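Undergrad: A single structure is presented below for examination.
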Amino acid sequence: MGFDMECKLCRSEKTTLFHTSENREYHHCKECDLVFVPSKFYIPKDEEFKKYQNHQNSMQDQGYCDFLNRLLDPLSHYLKEGAKGLDFGSGPGPTLSKLMEQRGFRMDIYDIFFADKKEVFEKRYDFITSTEVIEHLHHPLQEIERLWGMLGKGGVLGLMTAFRVEDFKTWYYKRDLTHINFFTPKTFEWLAKYLGGELVIPSDGVVVLVKV
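Quick note on numbering: our numbering labels position 79 of the sequence shown as 74, and the sequence is numbered without any gaps.
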């Protein structure tokens, strides 16, 4: 099996063709339950960037703030007053970091396209958030391991991504060509075991991993 058919998360070769549409293939990993798009179907970086520039998320969008609070509410229960956090993949209009600052937490942001401040990777954090990001990552395990290594004991990694639905062929989420990884709770169970962390899934598409 070629490298492109290895699972993008757990690197298992136990993968099979799962679905074909949108002029690309989707493969399923029997080990961690990830569905992924092989790299030969990735869109060019400049095209990807243009799509992200169209994202219209801001503090003025109450619906979007409510969406983020689905993670921030349970996440905050794990944090001490004044805890230091990083929002990884903050996007063109940082919103999550501002919401957390309103809650009394200190925040840094990072985004490879809009806030490429690599010095954040030399720091340690009490918590890291990454909302609607991991479905876009070319190397998800590598990035998650890097973030996990930036957390101290008791640190918290909070993630949001749409959980894969049973009726995949009609699922709107896969039509976005920047979405290349599709997760289920079982995928995060594998990840928690791999990292040696404690997994909590407060609601659909919301994941909290605690470094114990």
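We treat Cβ as the ideally placed atom computed from N, Cα and C, and that holds for glycine.
Owing to the predicted nature of the structure, the values given are computational and were not obtained by experimental measurement.
Can you look up V207 in the DSSP assignment and give me helix, strand or coil?
TA: The answer is coil: DSSP assigns V207 none of H, G, I, E or B.
Undergrad: Rounded to whole angstroms, what's the CA-CA distance from K40 to G149? Just pull it up for me.
TA: Going from the Cα of K40 to the Cα of G149 covers about 36 Å.
Undergrad: By alpha-carbon positions, which one of H133, R101, H131 ends up nearest to I123?
TA: Ranking the options by Cα distance to I123, first place goes to R101.
Undergrad: Cutting at 8 Å between CB atoms, please list the residues of its own chain near M(-4), excluding the five before and the five after it.
TA: With a pLDDT of only 48 at M(-4), under 50, the local geometry of the prediction cannot be trusted, and the value read off the model is given with reservation. Cβ neighbours of M(-4) beyond the five flanking positions: E8, T10.
Undergrad: Please work out which residues of its chain come closer than 6 Å, Cβ to Cβ, to C27, disregarding the five sequence neighbours upstream and downstream, and give them in chain order.
TA: Within the same chain, C27 has close Cβ partners L4, C5, T182, W185.
Undergrad: Residues in the same chain with beta-carbon distance under 8 Å from E76, minus the five sequence neighbours each way, listed in chain order, please.
TA: Within the same chain, E76 has close Cβ partners G99.
Undergrad: With M155 as the anchor, note down where its beta strand (DSSP E) starts and where it stops.
TA: Counting along the chain, the beta strand (DSSP E) containing M155 begins and ends at 146 to 155.
Undergrad: Can you confirm whether the region 193 to 205 touches the region 44 to 60 when touching is taken to mean that 3 or more C-beta pairs between the two stretches lie within less than 8 Å?
TA: These segments do not touch.
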